[in-house]
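For reference, the structure discussed in these notes is given below.
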Amino acid sequence: MNRKWLVGVVAICLGIGALFFSAKQATLKRSPYALFEPPMTIEQKALVQRQIDRQLISKSGGHQVSATQVTYDEGAVVLAFPVPGDAGQSDRTCDYGYICLWSAADFAGRKLSLLSSAKSRPVDLSDYGMSAEVSSWQHNNKAGSVKIFGVDGPGARGNMVMSNIREVILVKGCCPFSIPEDTRVIDTWTEINSQSRLTGNNDRIMSIAFAPMFMLFAQ
1 MNRKWLVGVV
11 AICLGIGALF
21 FSAKQATLKR
31 SPYALFEPPM
41 TIEQKALVQR
51 QIDRQLISKS
61 GGHQVSATQV
71 TYDEGAVVLA
81 FPVPGDAGQS
91 DRTCDYGYIC
101 LWSAADFAGR
111 KLSLLSSAKS
121 RPVDLSDYGM
131 SAEVSSWQHN
141 NKAGSVKIFG
151 VDGPGARGNM
161 VMSNIREVIL
171 VKGCCPFSIP
181 EDTRVIDTWT
191 EINSQSRLTG
201 NNDRIMSIAF
211 APMFMLFAQ
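Letter by letter, the sequence shown follows residues 1 to 219 of the numbering used here.
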C-alpha cells in the first residue's frame with residue numbers, strides 16, 4: 001500500500017512539474033523574425049539608411065528594427081534591404097510562419113516577409129517597392145496551413161500567377177503558372193516550398209492573397 005501511495009505521489013508531482021514547465025514555455029516570447037545585421041562600411045550603412053528613410057516616408061506605421069530592416073503591424077510584415085554593391089550580402093533566410101519574396105533570383109536582393117495564415121489580409125507589394133519585382137520566393141510554415149496566391153493586380157484582383165502549392169486549381173489562373181519547384185520537409189509538421197527563379201508571366205506579381213486550404217482561390 002505504501003509503495004502504491006508513493007508511486008501515486010511521484011506521478012502527481014511529475015504531472016504538476018510538467019504543467020509548470022509547459023506554462024513557462026508558453027509564456028516565453030520569441031521574435032517571429034530574425035534580425036539581419038550584416039557587416040557594412042560607413043558608406044553602405046548610409047545608402048541603406050536612405051532607402052529605409054524613403055520607405056518609412058512612403059508608407060507610415062513602420063519601425064526600423066535593425067540597420068537593414070523595417071517592420072509593420074508588429075512584425076507581420078518585415079522588409080530587409082541588401083548590402084549595396086555587387087558582392088553585397090542579402091538576407092536569404094525565410095523565417096518560420098512567413099512567405100518571403102525576393103527582388104532577385106536565387107533568394108537575393110530586397111526581401112519582403114509576410115506572416116502567412118488563412119486570416120491574413122491581401123498585401124499590395126507596391127507599399128514596399130516590390131510590385132512586379134518578385135524574382136524568387138519561399139514559404140516556411142506548417143504543411144497544409146494556408147494557400148497563398150500571387151496576383152497580377154493590386155488588392156488581389158486579377159489573374160493568379162503564383163501559388164505555394166502544386167495542387168491549386170486554376171479557376172482564375174494565368175499560365176505559365178508559378179508553383180514550387182522545391183519542397184523540403186523539415187520535420188513532422190513543417191515544410192518549405194520555394195521557387196528560385198520566376199520567369200514569363202509569373203514575375204509580375206503585384207499583390208499577395210491568402211486563403212484557407214479548402215478554398216479553391218483567394219476571395
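Don't be surprised by glycine CBs; every beta carbon is placed ideally from N, CA and C.
Within the segment 94 to 146, the runs of beta strand (DSSP E) at least 3 residues long that lie entirely inside it are, in chain order, 98 to 104, 108 to 115 and 136 to 142. Here the segment 155 to 163 makes no contact with the segment 96 to 114; the two share fewer than three CB pairs at distances below 8 Å. Excluding the 5 residues flanking it on each side, A209 has same chain C-beta neighbours closer than 7 Å at P122, F149, V151, A156 and A218, in chain order. By the Cβ-count criterion, D91 is buried, with 16 or more other Cβ atoms from all chains shown falling within 10 Å of its own Cβ. The DSSP-derived three-state label of R54 is helix. Between I52 and Q64, the C-beta spacing is below 8 Å. Where S196 is concerned, there is no enclosing beta strand (DSSP E), because DSSP gives it neither an H nor an E.
Of the other Cβ atoms in all chains shown, 16 or more fall within 10 Å of the Cβ of K147; this residue is therefore buried. Pairing P82 with G109 gives a Cβ-Cβ distance under 8 Å.
Ranked by Cα distance from P84, the first of S60, R50 and A105 is R50. Collapsing the DSSP output to three states places A46 in a helix.
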